[in-house]
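Heads up: the structure comes next, in structure tokens.
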Amino acid sequence: MLVSLNGARGAADGPAVPMSPGALAESAREAVAAGAAEVLVHPRTPCGRESLSPRVVGPALEALRGAGVRVPLSVSLGTAAEPDPAGRLERVRSWTVLPDRAEVHFAQPGAAALADALLARGIAVDAVVPLGGPAGPEPMARFLAWPVRDPGGRVRLAAELAAADPALVAGLGGLPPVALLLYGRGEAAWPVLRLAARCGTGARTGAGDVLRLPDGRPARSNAELVAAAGAEGDGAERHRVGGRPAVGRGTTAASR
6 MLVSLNGARG AADGPAVPMS PGALAESARE AVAAGAAEVL VHPRTPCGRE
56 SLSPRVVGPA LEALRGAGVR VPLSVSLGTA AEPDPAGRLE RVRSWTVLPD
106 RAEVHFAQPG AAALADALLA RGIAVDAVVP LGGPAGPEPM ARFLAWPVRD
156 PGGRVRLAAE LAAADPALVA GLGGLPPVAL LLYGRGEAAW PVLRLAARCG
206 TGARTGAGDV LRLPDGRPAR SNAELVAAAG AEGDGAERHR VGGRPAVGRG
256 TTAASR
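When you read off a place in the sequence shown, starting at 1, and then add 5, the result is the number in this note's numbering.
Structure (structure tokens):
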């Protein structure tokens with residue numbers, strides 16, 4: 006289970022959303038104790054703006070590791086943090102403290118070159134591809150055109166589903182063999198998490214994706230969301246056909 010600690014949200018979105026390095030570290034530590042096996046962060050400047058500067062990314066990662074967070078750490082590389090594709094490449098090459106993984110959004114320009122730069126620095130890649138939404142087929146076409154495939158797990162397809170539609174997952178069956186993670190946002194978050202459990206893929210939750218628990222109550226923390234996700238996933242796994250995953254590509258080490 007991956008936990009997205011803050012995503013594109015801000016402090017006004019509620020107490021479950023950590024912003025500062027210290028708050029991220031505390032939230033991550035609690036989420037891992039609740040069952041999270043990976044942590045995704047959107048590092049922020051002191052004024053709350055997303056940034057890929059080494060002066061922002063480094064302290065955030067050091068705070069997490071210094072707080073005893075020993076699971077893989079991931080950073081999102083979206084246009085909100087750096088709109089220019091060349092600027093994102095420059096930022097990645099300037100990092101002095103490295104995450105374990107990084108999200109590359111294949112709906113955004115320059116994704117393949119950015120993913121190549123990450124792999125060259127020893128950073129694993131989550132290739133984010135939206136499915137069933139307004140982005141259409143272009144992000145998946147960009148991912149399929151990217152020639153890099155790594156059976157060792159350094160490349161994972163993170164499919165953001167607009168809805169918990171099994172047909173969207175079935176359409177992934179002919180893809181090259183990469184690890185697969187399914188997730189949704191907002192109202193789609195919990196149905197997609199249950200679908201991921203039934204399919205035997207990696208899954209994700211956290212305040213970056215959803216602010217309410219499955220019963221509709223506001224979440225007080227990322228740890229509460231992770232605990233709820235574990236319970237939802239356990240229930241959904243019991244509905245697997247024959248007890249086997251519906252998508253037979255490897256799950257990630259963090260989702261096992």
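Cβ atoms here follow ideal geometry from the backbone N, Cα and C, with glycine treated the same way.
Do you know how far the Cα of residue j is from the Cα of residue i?
i, j, result
"residue 197", "residue 216", "15 Å"
"residue 260", "residue 208", "Unreliable positioning characterises residue 260 in this predicted model, as indicated by a pLDDT of 36, which lies under 50. A coordinate reading is not provided."
"residue 126", "residue 98", "8 Å"
"residue 73", "residue 166", "32 Å"
"residue 13", "residue 114", "19 Å"
"residue 193", "residue 121", "31 Å"
"residue 249", "residue 186", "Because residue 249 carries a pLDDT of 34, less than 50, the predicted location of this residue cannot be relied on, and no value is offered for it."
"residue 15", "residue 47", "11 Å"
"residue 214", "residue 143", "23 Å"
"residue 8", "residue 44", "5 Å"
Could you tell me which residues DSSP puts in a beta bridge with residue i?
i, result
"residue 79", "45, 106"
"residue 208", "187"
"residue 9", "45"
"residue 223", "217"
"residue 72", "Its beta-bridge partners do not exist; DSSP assigns none."
Are the Cβ atoms of residue i and residue j separated by less than 9 Å?
i, j, result
"residue 29", "residue 69", "yes"
"residue 25", "residue 51", "yes"
"residue 85", "residue 106", "no"
"residue 102", "residue 63", "yes"
"residue 227", "residue 87", "no"
Can you round the beta-carbon distance between residue i and residue j to whole angstroms, since I take them to be within the 8 Å contact cut?
i, j, result
"residue 79", "residue 104", "6 Å"
"residue 212", "residue 42", "Contact doesn't hold; Cβ gap of about 17 Å is too wide."
"residue 223", "residue 19", "6 Å"
"residue 233", "residue 219", "6 Å"
"residue 124", "residue 171", "Actually they do not touch by this definition, with Cβ atoms about 32 Å apart."
Indicate the three-state DSSP secondary structure (helix, strand or coil) for residue i in the structure shown.
i, result
"residue 170", "coil"
"residue 259", "A caution first: residue 259 carries a pLDDT of 37, below 50, which makes its placement in the model unreliable, though a value can still be read off. Correct three-state label for residue 259: helix."
"residue 139", "coil"
"residue 218", "coil"
"residue 192", "helix"
"residue 279", "No statement about residue 279 is possible, as the shown extent of the chain runs from 6 to 261 and does not include it."
"residue 203", "helix"
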